[in-house]
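Going from the sequence shown to our numbering is simple: count from 1 and add 2. Heads up, the beta-carbon is just placed ideally off N, CA and C, and yes, glycines get one too. In this text, all values refer to a predicted model and were calculated from it rather than measured experimentally.
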Amino acid sequence: MNTIYNATLVEQFWLRMQAGKKAVLFGHKNPDGDALGATLAMAQLLENSGLSTRVIVPDAFPGFYSWMPKADTVWVYDGNEQACEEAIQQADELLFMDFNQYGRLGNITKNIVLEPQKVVLIDHHPNPCSDVDMLFSHPAASSTCEMVYRLVAEGNKHDLLNAGIAACLLTGMVTDTGGFSYNAETPDFFGVVSALLTAGAVKSEVFNQVFYNNNESRFRLLGTVLQNNLSLNYSLGVAVMWLSASDLERNGFQKGDTEGFVNMPLSIRGIQKSVLVTEHADEVKLSFRSQGDAAVNGFAEKYFNGGGHRNAAGGHSKESFENTLKRLMKNLEKL
Ligand SMILES: [Mn+2]
3 MNTIYNATLV
13 EQFWLRMQAG
23 KKAVLFGHKN
33 PDGDALGATL
43 AMAQLLENSG
53 LSTRVIVPDA
63 FPGFYSWMPK
73 ADTVWVYDGN
83 EQACEEAIQQ
93 ADELLFMDFN
103 QYGRLGNITK
113 NIVLEPQKVV
123 LIDHHPNPCS
133 DVDMLFSHPA
143 ASSTCEMVYR
153 LVAEGNKHDL
163 LNAGIAACLL
173 TGMVTDTGGF
183 SYNAETPDFF
193 GVVSALLTAG
203 AVKSEVFNQV
213 FYNNNESRFR
223 LLGTVLQNNL
233 SLNYSLGVAV
243 MWLSASDLER
253 NGFQKGDTEG
263 FVNMPLSIRG
273 IQKSVLVTEH
283 ADEVKLSFRS
293 QGDAAVNGFA
303 EKYFNGGGHR
313 NAAGGHSKES
323 FENTLKRLMK
333 NLEKL
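Here is the structure:
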């Protein structure tokens, strides 16, 4: 397997993570399988190295991730602010995992200052914030979970791994690649998968928990989108889907229900780009996906205050749902 890190940096990381230290590990707002997998795995790796750890996420995560090993130890900041802030103040090390900017911590960074000299950032999103003390950035990686495994492998820390950690890491690699369907092209990607299976991860368990464990509301919402809220523009190769607040409410929306919807129109012949517009209480969210060389991050950044990868980006709008959708449609040819 090719290495992806500077060997000295890897050595410095593991030296820095010394027994007796306290570490807080952060996942981003709207935690996904990769954020949870990477933080839970790294927390257990550090615990096995003698540190005491706490995983904190800004807001709640979808119930279909609650099976993950140690998921019950995660603290959600919203609603548990005081305990989280105490843990953060007492921490020697702050690990940012699967996000690239302080702002992705939602209310946490609105309310308290995180000292950059304590921050280690491990992430695969492009353009990481440089105001941190140690940076592991690898945009070519499938997932932060893959990056965590490589930190273990390149640091010769295999003895810290166990089946639970491997399951957490495999979860992020599965969810960030749509079940190995994109960003999962290289022999090294499957080399990491192979190593995780060897360490005790069970592929069928991860797939069953993640993909065959849906709420009825997800299925109902999918029906609404496909039947009524889908517009296909074949001359541009673009699909647009939308869900209003009333669509969500009528179908009993629960957090995480719409995850992956935006990828589905890419399965239509002639469609290379896909957008999902969702009306939430505080803002309208846009998710963008594309295939191959077709890029969506520039458009997300320019028109909807967002950004991301070439093939997967997000944005948001403070305009009304109707106006956001209108503005998207008006500028669609620039996507
Ligand atoms: Mn990720």
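Residue interval of the alpha helix (DSSP H) (run including residue i)
i    : result
G35  : G35 to N50
N210 : K205 to F213
E156 : T146 to E156
V176 : A165 to T177
L198 : P189 to T200
Where residue i sits in the DSSP three-state scheme
i    : result
S292 : strand
N307 : coil
T280 : strand
A315 : strand
R271 : coil
K332 : helix
L238 : coil
I124 : strand
L245 : strand
K112 : helix
V12  : helix
E251 : helix
H160 : helix
V298 : coil
S132 : coil
F66  : helix
The beta strand (DSSP E) enclosing residue i, as first and last residue numbers
i    : result
I58  : S54 to V59
M136 : M136 to S139
C-beta contact flag for residue i and residue j at 8 Å
i    : j    : result
T10  : G29  : no
I110 : P189 : no
V57  : L17  : no
Q46  : K72  : yes
N265 : S292 : no
E207 : A168 : no
Within-8 Å CB hit, residue i to chain D
i   : result
A45 : This model lacks chain D altogether; it includes just one protein chain.
DSSP bridge partner residues for residue i (one or two, in chain order)
i    : result
E95  : A25
W77  : I58
L232 : M243
V286 : E281 and S319
Any non-hydrogen atom of ligand 3 closer than 7 Å to residue i Cβ
i    : result
H126 : Of the ligands this structure carries, namely ligand 1, none is ligand 3.
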